[in-house]
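Mapping the sequence shown onto our numbering, position 104 (from 1) lands on 87, and the numbers just tick up by one.
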Amino acid sequence: MLGFLLRLLPFWVREPLLIAVGSVLGVRIMYLAVRDHDRVAAGLGVVFLVFTAIRVHAVIRALRTRRNPRPAASEDGAVVAAAAQAQVQVQAGAGPRPGPDRSEKEHNAWGQAVAAVAVFGALAATLWVAPRFMPSNDNAPQPASCSGEAHEELPKAYKDTPRPVTGEELCKALNRPDLAKLLGTPGEAATTVSSTNNTAPLTDGKVAQPEAEITFDTYTVNVSATYNELSTDQYVKLMKFGDEKDIKTLTVLGRPAVLSSDHTMKLEINLGSGGSGGPVEQGPLARTLSVALDRHDRGGYCDITVWSTSGALPNDSVLLNIASKVLPRIPERSAQ
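Shown next, in the form of structure tokens:
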């Protein structure tokens, strides 16, 4: 049906139309092929571009034919035809009939060609940029977001701590669009996001310890801030008494920091009739970067922990990159 409609169009409308559509599709397909390294798409783009080149050649040849019409078969034949035409005109008593204005026809042909190219070029441009401005599908899954905790009353420890960060603020600092890329898994989206305004254990609720956690298919990232009086040097000494492994001290954004590894805890809860859970087991290994809350190391630290259910851990550079993005969003601890 489409081919039949195209054959009904005049030559000077049909050919520019095919050139415009072929060139736009060819360039677009070649761009996608180069971006996605798709050989099949590259071959299809070449087909469209070759087709367009053939149509351009046909239009150029038609223009040359209109400008330089073929001469008659022979000079004698041209003389005889001219004499016969003159004799007929004399017998009819009429002057020579004005021939068609070739320049006007060429002007009309060029006008049709330009108009066709402009119209379909505008349509192609609209199809090209429309996906960028059209609203996304409402049925598409939305990325996990931080839940609001505006109505939650903060524990007393937060009121007694100068400028403490909340769990929601930590969540917003961690839930970055490029977090999956920083983890080395750019194609993944966050499946769960959570935050809490807890207090540190064994402190009788006197030490604020907000945290936020984001889970991907491959990794889980947890960020917490502990507002105690423990300096980084004291914290490292405690690590050496514990089960932490691969302890490495360093400086991050001008603050004392330490890298360490430790196993997470695995807890299974049975929601059946008994409602009992299994024993607490050792979970996969986790890598943690602990950074002081201020450059002078007055006490307190921020933990950035990454682990996976498979037990695989990213490079330490991943933790450092996350810290460089998250720490500037956490106010430094001021002198008390």
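Think of the CB as a built atom: it goes at the ideal place given N, C-alpha and C, for glycine as much as any other residue.
Cα-Cα separation between residue i and residue j, rounded to whole angstroms
| i | j | result |
| --- | --- | --- |
| Tyr14 | Val289 | 37 Å |
| Thr168 | Lys189 | 38 Å |
| Ile287 | Leu302 | 7 Å |
| Arg312 | Met222 | 27 Å |
| Leu272 | Gly237 | 14 Å |
| Cys154 | Ala16 | 38 Å |
| Asp143 | Gly282 | 15 Å |
| Asn51 | Val7 | 31 Å |
| Arg11 | Ser243 | 49 Å |
| Ile305 | Ile230 | 19 Å |
| Leu296 | Gln217 | 26 Å |
| Cys129 | His40 | 59 Å |
| Val176 | Val29 | 46 Å |
| Arg18 | Arg49 | 43 Å |
| Thr232 | His20 | 43 Å |
Residues of its chain near residue i, where Cβ-Cβ distance is below 6 Å and the 5 sequence neighbours each way are ignored
| i | result |
| --- | --- |
| Pro314 | Arg146 |
| Pro239 | Thr215, Ala275 and Asp280 |
| Leu185 | none |
| Val219 | Val241 |
Residue i - DSSP class collapsed to helix/strand/coil
| i | result |
| --- | --- |
| Leu233 | strand |
| His246 | strand |
| Thr168 | coil |
| Ala173 | coil |
| Ile37 | helix |
| Gly339 | This structure cannot speak to residue 339, because the chain is shown only from -16 to 319. |
| Gly28 | helix |
| Thr144 | coil |
| Pro239 | strand |
| Met117 | Note on Met117: pLDDT 48, under 50, position unreliable in the model; no value is reported. |
| Ala295 | coil |
| Ile2 | helix |
| Arg312 | helix |
| Ser317 | coil |
| Lys223 | helix |
| Val190 | coil |
| Ser394 | Because the chain is modelled from -16 through 319, residue 394 falls outside the range shown and cannot be assessed. |
| Leu157 | helix |
| Ala127 | coil |
| Glu135 | coil |
| Arg278 | coil |
| Thr149 | coil |
| Ser207 | strand |
| Ser273 | strand |
| Thr201 | coil |
| Leu213 | coil |
| Leu15 | helix |
| Ala56 | Because the pLDDT of Ala56 is 43, which lies under 50, any placement of that residue in the model is unreliable, and the number read from its coordinates should be weighed accordingly. Here Ala56 sits in coil by DSSP. |
| Leu268 | strand |
| Ala163 | helix |
Minimum C-alpha distance to residue i - residue among the options
| i | options | result |
| --- | --- | --- |
| Leu27 | Gly9, Ile37, His20 and Val17 | Gly9 |
| His279 | Val309, Pro(-7) and Val235 | Val235 |
| Ile43 | Ile197, Ile2, Ser293 and Leu268 | Ile2 |
| Glu171 | Pro160, Ser178, Asn180 and Thr179 | Pro160 |
| Leu137 | Thr174, Ser178 and Val206 | Ser178 |
| Ala269 | Glu194, Cys285, Asp299 and Asp277 | Asp299 |
| Glu227 | Val148, Phe199, Asp245 and Arg18 | Asp245 |
| Ser307 | Leu165, Val23 and Ser243 | Leu165 |
| Thr209 | Thr247, Thr175 and Gly150 | Gly150 |
| Glu152 | Thr175, Pro193, Asp19 and Lys142 | Pro193 |
| Leu213 | Arg47, Asn180, Tyr284 and Ile230 | Tyr284 |
| Thr247 | Glu264, Thr232, Ala41 and Lys231 | Glu264 |
| Leu46 | Phe(-6), Asp19 and Cys129 | Phe(-6) |
Own chain, CB closer than 8 Å to residue i, minus 5 neighbours either side, in chain order
| i | result |
| --- | --- |
| Gly5 | Phe31, Leu32, Phe34, Thr35 and Arg38 |
| Ser291 | Thr201, Tyr202, Thr203 and Pro267 |
| Ala173 | Pro126, Ala127, Asn158, Leu162, Ala163, Ile197, Thr198 and Phe199 |
| Ser317 | Pro145, Arg146 and Asp277 |
| Gly294 | Pro267 and Leu268 |
| Gly225 | Asp245 |
Close-in-space but distant-in-sequence residues of the same chain around residue i (CB under 7 Å, 5 per side omitted)
| i | result |
| --- | --- |
| Ala140 | Thr182, Gly188, Lys189, Val190 and Ala191 |
| Leu157 | Ala195, Ile197, Val204, Val206 and Val309 |
| Arg22 | none |
| Glu135 | Asn180 |
| Ala25 | Met13 and Ala16 |
| Val148 | Pro193, Ala208, Ile313 and Pro314 |
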